[in-house]
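To start, the structure under review is shown below, and the notes come after it.
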Amino acid sequence: KLIGARYYPAPQGENDYETPRDKDGHGTHVASSGSPESGLAIYKVGFKYDCPGSAILAAFDDAIADGVHVMSLSVGSFSELKYDPIGGTEREDFGDFPVTEISSKDAATILNYVNLTSNKVATMLPTVSVIDFKPAPMIPSFSAKGPSALSKNILYPDIAASGVNILASWIALNDTEDVPKGEKPSQFNILSGTSMACPHVSGLAAAIKSHNPAWTASAIKSAIMTTATQKNNLKGPITTDEGSVATPYEYGAGQMTIYGAFHPWLVYETRTIDCLNYLRYVGFNITMVKTISRTLPQGFEFSSYISNINYPSIAISELNGKGFVNVTRTVTNVGEEDETVYSPVVDAPSGVNVKLIPNKLQFTKTSKKLSYQVIFPFTSTTLKDDIFGSITWSNGKYTVRSPFVLAK
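Take the sequence shown: its position 152, counted from the start at 1, is 181 in my numbering, and no numbers get skipped.
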């Protein structure tokens, strides 16, 4: 339910309500598809052409002060992003134009019929709901894909979630030109886009937080990532909508799962010092970091080796030369079994010999947090393409998977 709302001044030239009221329906759509039993606080920062960074940061500050637990950000810049492929938030004034998608073979048959017949007749049948579509999931063309423009040493994206043909609430538009004469505007709409995928992840994060109130944001992210699936409902690898096998640059750790995310067993907790090191790595100086953090951890020293951030995934760039490179990860046992031993299974491309030290993680009642090193050999020849693999820890009952990318 909606428990509160704020709005922020629109940029010059925007024709929008100076209230939290939604004008085009996008905000209503994404808000209604998150977590149905959550209390929603709406912060209107997006407008027709832009979502100013100043408004977003102000909304963050207000949300924190208001006690918001999970922030869901379905925004973007009109100048940087393309329209969502199906039913974007803009309505073009072209009238009603029915369109259907057909195969090239069917198109040739139709074209032949049109050329041979002077009296063309077509029959439009009622629509039929498509259920149990196979294969699914698939990664659509509009999906936010990696690698990150900032660094190949942090895997991007983190996760994949449902964002195609999402049915959710819509504002009751008063423009009678948009609906048949005598009918009322629909209070629902079907949209596709990364905006639609975002609230699915946010809703899951909120549910996990409710189930585990003491968990940190990074623990929740880890739970979602390490329990994701890379298989579709045909038990084959997830593919793109063009049919090629998807990689971590398309889906990150994989498609999120519901049950698995509530039972991650081991989690990677990203520390404050990790986040500060990342800010330094992408160009923030110490003064700028202090402006954000206000205080720095005692003994803080900048590390240029950003692959060592305690993240649920591993990414290393410029893996060329002689010798080896190693990264360290720390996991915390949050499972029901205090006394348990996890062993690794490495899925690596041919010729890449990945070594883990130690090769077992033995948790006890007093040792719930353990670290391990992953050693990757340098290659003496230049990589032609980025390569992908994974490290999966298992105790025989449960598995915890981390993808890795070795980039040229």
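Just so it is clear, CB atoms sit at the ideal spot from N, CA and C, and this is done for glycine as well.
None of these values were measured; they are calculated from a predicted model.
As computed with DSSP, D376 is found in a beta bridge with S419. Collapsing the DSSP output to three states places N337 in a helix. Distance from the CA of Y288 to the CA of L295, rounded to the nearest whole angstrom, comes to 15 Å.
Only exposed fits Y46, as fewer than 16 other CB atoms lie within 10 angstroms of its CB. In this structure, the alpha-carbon of R300 lies about 22 Å from that of A257. The C-beta distance from S431 to P293 rounds to 12 Å, too long to meet the 8 Å contact threshold. Residue state for T255 is assigned as helix, using DSSP reduced to three classes. Check the Cα spacing between I249 and each of W422, V99, D51: the tightest is with V99.
Distances from the alpha-carbon of K398 to those of P186, G364, V354 put G364 closest. Here S103 really is in contact with S224; their C-beta atoms are around 4 Å apart, less than 8 Å. Counting along the chain, the unbroken beta strand (DSSP E) around I219 starts and ends at 217-220. The bridge partners DSSP lists for Y371 are L390. With respect to L348, L435 sits close: the two C-beta atoms are nearer than 8 Å.
Per the coordinates, the alpha-carbon of F217 lies some 30 Å from the alpha-carbon of D91.
In this structure, G418 sits away from V356, with a CB-CB distance that is not shorter than 8 Å. Residue environment: A243 is assigned as exposed (fewer than 16 neighbouring CB atoms within 10 Å of its CB, all protein chains considered).
Contact annotation: S336 and I343 have beta-carbon atoms nearer than 8 Å.
Secondary-structure assignment with DSSP links Y401 through a beta bridge to R358.
Straight-line spacing of the CA atoms in I416 and T276 works out to 9 Å.
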